[in-house]
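Using the UniProt record's numbering, you'd call the opening residue of the sequence shown number 1 and step up by one each time.
Just so you know, even glycine gets a beta-carbon here, dropped at the ideal spot from N, CA and C.
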Amino acid sequence: MLKFKQHNIPDLEFQSAIKKPIPIRCIQINESFEVETLEGIMRGKRGDWLMIGVNGEMYPCDKGIFEKTYDLTDGTE
């Protein structure tokens, strides 16, 4: 079994990929919250986002990660 450690990128021939622009539903929550996810109970902090994925799954997204990886749309996409 291969094992990979954080911050130790293996010497492999990686390809490049771009995440598909799939619209999802989200709302910023202004208090601490918990959500039951496919991986168990996860917690969000004040200001984090509650996301609804393409299969209806819910999960929290850290505010900083959201700001780096998502742009809000007008909902018409």
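Once DSSP output is grouped into helix, strand and coil, what is the label at residue i?
i     : result
Phe14 : coil
Leu50 : strand
Gln28 : strand
Met1  : coil
Go to residue i, then tell me how far its beta strand (DSSP E) extends in each direction, as first and last residue.
i          : result
residue 95 : This structure does not reach residue 95, given that the chain is present from 1 up to 77, and the question cannot be answered.
Gly56      : Segment: none, Gly56 is in no beta strand (DSSP E) and carries neither H nor E.
Ile41      : 40–44
Alpha helix (DSSP H) containing residue i: first to last residue?
i           : result
residue 117 : Only positions 1 to 77 of the chain appear in the structure, and residue 117 is not among them; the question remains open.
Is residue i buried or exposed, if buried means 16 or more other CB atoms sit within 10 Å of its CB?
i     : result
Gly44 : buried
Pro23 : exposed
Asp48 : buried
Pro60 : buried
Would you kindly check if the distance between the Cβ of residue j and the Cβ of residue i is under 8 Å?
i     : j     : result
Glu31 : Ile41 : no
Which one of the options has the shortest CA to CA distance from residue i?
i     : options                    : result
Met51 : Tyr70, Leu72, Cys26        : Cys26
Glu67 : Gln28, Thr37, Ala17        : Gln28
Glu36 : Ser16, Asp11, Met58, Ala17 : Met58
Lys19 : Thr69, Thr73, Asp74        : Thr69
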